[in-house]
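Peer 1:
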Amino acid sequence: PFASLVVGWYLNEMSKKYQISRERRAHVGRALSNLLELHHQIRSVENAMNLIVHRFDLPKDQEPVLHAALNQLIPQADVYVARYEEAIEQLSESDPVVAFNLRTKAQIPRSLAMLRTMGANHGATDIDMAVIEKQVKVMLVPHLEIAIKELADLHGRSTLRQVNRMLDSPFEMPIEINDLLKNVQAANPEPL
Numbered sequence: 241p242f243a244s245l246v247v248g249w250y251l252n253e254m255s256k257k258y259q260i261s262r263e264r265r266a267h268v269g270r271a272l273s274n275l276l277e278l279h280h281q282i283r284s285v286e287n288a289m290n291l292i293v294h295r296f297d298l299p300k301d302q303e304p305v306l307h308a309a310l311n312q313l314i315p316q317a318d319v320y321v322a323r324y325e326e327a328i329e330q331l332s333e334s335d336p337v338v339a340f341n342l343r344t345k346a347q348i349p350r351s352l353a354m355l356r357t358m359g360a361n362h363g364a365t366d367i368d369m370a371v372i373e374k375q376v377k378v379m380l381v382p383h384l385e386i387a388i389k390e391l392a393d394l395h396g397r398s399t400l401r402q403v404n405r406m407l408d409s410p411f412e413m414p415i416e417i418n419d420l421l422k423n424v425q426a427a428n429p430e431p432l
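With this note's numbering applied, the sequence shown covers 241 to 432.
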């Protein structure tokens with residue numbers, strides 16, 4: 241009877257540990273998914289900007305207008321940031337130190353919005369703000385990528401390999417958009 245009691249207790253503890261591990265992995269997966277989406281959004285806007293500016297030889301004063309238009313076309317980052325923060329909050333229940341280290345990694349959109357507001361209040365031009373915004377992204381995106389890799393590692397080795405391939409791959413414009421840009425350029429060969 242004592243041996244069966246010990247075995248029963250052990251199996252119950254192992255079951256609880258497995259359940260906690262599964263829940264933790266789910267929280268990590270949700271946080272990782274949203275952080276990857278945020279990273280993709282930031283990367284997509286910048287790469288699309290560079291492609292359009294170079295393809296159409298846009299003057300510098302048109303870049304802020306293009307940037308604003310692209311930000312309107314791409315879904316807002318606030319949704320991903322809120323989901324990420326929720327997943328990190330849930331992760332903090334089982335892994336508070338990791339949650340603490342990862343909590344602020346999705347703040348790039350808020351930081352950029354705050355910079356735009358401060359720039360507008362201090363009379364910065366749109367061109368100045370575009371340059372500052374680009375430099376801030378160059379500075380902050382590597383930290384975002386480190387957090388993505390940390391979450392991927394927590395999720396599992398397979399996930400980490402997939403994430404490393406995603407982060408290391410060059411940005412490729414979807415064929416449809418590339419074809420659209422070629423058609424627009426062919427219809428209007430003069431610089432805009």
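Virtual Cβ for every residue (Gly too), placed ideally from N, Cα, C.
Nothing here was measured: the structure is a model prediction, and the numbers come from that model.
Thinking just about the alpha-carbon of each residue, which of Asp368, Leu384, Gln375 and Ile386 is nearest to the one in Gln302?
Peer 2: Answer by Cα proximity: Asp368.
Peer 1: Quick test of your reading: Leu306 and Ile292, contact by CB under 8 Å. State the CB separation rounded to the nearest angstrom.
Peer 2: About 6 Å separates the two Cβ atoms, so the contact holds.
Peer 1: On the premise that Leu384 lies in contact with Leu275, defined as a C-beta separation below 8 Å, what is that separation, rounded to the nearest angstrom?
Peer 2: Yes, Leu275 and Leu384 are in contact; Cβ-Cβ is about 7 Å, under 8 Å.
Peer 1: Given this structure, state the Cα-to-Cα distance separating Met358 from Ser334, to the nearest angstrom.
Peer 2: Each residue's Cα considered, the two are about 38 Å apart.
Peer 1: Tell me which same chain residues have a C-beta within less than 7 Å of the C-beta of Arg265, skipping the five on either side of it?
Peer 2: So the list reads His395, once near-sequence residues are dropped.
Peer 1: What does the Cβ neighbour count give for Tyr250, buried or exposed, with the cut at 16 atoms within 10 Å?
Peer 2: Exposed is the call here.
Peer 1: Measure how close the beta-carbons of Leu391 and Val268 come, nearest whole angstrom, since I'm counting them as under 8 Å.
Peer 2: Rounded, the Cβ-Cβ distance is 6 Å, consistent with contact.
Peer 1: Just curious, the alpha helix (DSSP H) that Gly363 is in, first and last residue?
Peer 2: From DSSP, Gly363 is part of no alpha helix (DSSP H); its letter is neither H nor E.
Peer 1: When you compare each of Arg350, Ala288 and Lys389 to Glu412 by their alpha carbons, which one comes out closest?
Peer 2: Closest option to Glu412, Cα to Cα, is Ala288.
Peer 1: Can you list, in chain order, the residues of its chain whose CB lies under 6 Å from that of Arg262, leaving out five sequence neighbours each side?
Peer 2: Once the five neighbours on either side are set aside, Arg262 has no close Cβ partner at all.
Peer 1: Would you kindly check if the distance between the Cβ of Leu355 and the Cβ of Glu373 is under 8 Å?
Peer 2: Yes, the Cβ-Cβ distance between Glu373 and Leu355 is below 8 Å.
Peer 1: For the alpha helix (DSSP H) that contains Pro410, what are its first and last residues?
Peer 2: Looking at the DSSP string, Pro410 is not in any alpha helix (DSSP H), and its letter there is neither H nor E.
Peer 1: Can you tell me whether Arg343 is helix, strand or coil according to DSSP?
Peer 2: Coil, per DSSP.
Peer 1: Span of the alpha helix (DSSP H) holding Asp318?
Peer 2: Residues Asp318 to Ser334.
Peer 1: CA-CA distance, Glu416 and Ile388?
Peer 2: Going by the C-alpha atoms only, they are around 29 Å apart.
Peer 1: For Ile386, does the count of other Cβ atoms within 10 angstroms reach 16, so buried, or fall short, so exposed?
Peer 2: Ile386 comes out exposed.
Peer 1: Measure the CB-CB distance between Met364 and Pro304 and report whether it falls below 8 Å.
Peer 2: In the sequence as presented, Met is not what sits at residue 364; that position holds Ala. The answer is no: Cβ separation not under 8 Å.
Peer 1: Measuring CB to CB, does Tyr320 end up less than 8 Å from Leu278?
Peer 2: It is a contact, given that the beta carbons lie within the stated cut-off.
Peer 1: Using C-beta distances below 6 Å, list every residue in its chain close to Ala271, excluding the 5 sequence neighbours before and after it, in chain order.
Peer 2: Excluding positions up to five away in sequence, the list reads Tyr324, Ala327, Ile328 and Leu391.
Peer 1: By how many angstroms is the C-alpha of Lys256 removed from the C-alpha of Asn361?
Peer 2: Going by the C-alpha atoms only, they are around 54 Å apart.
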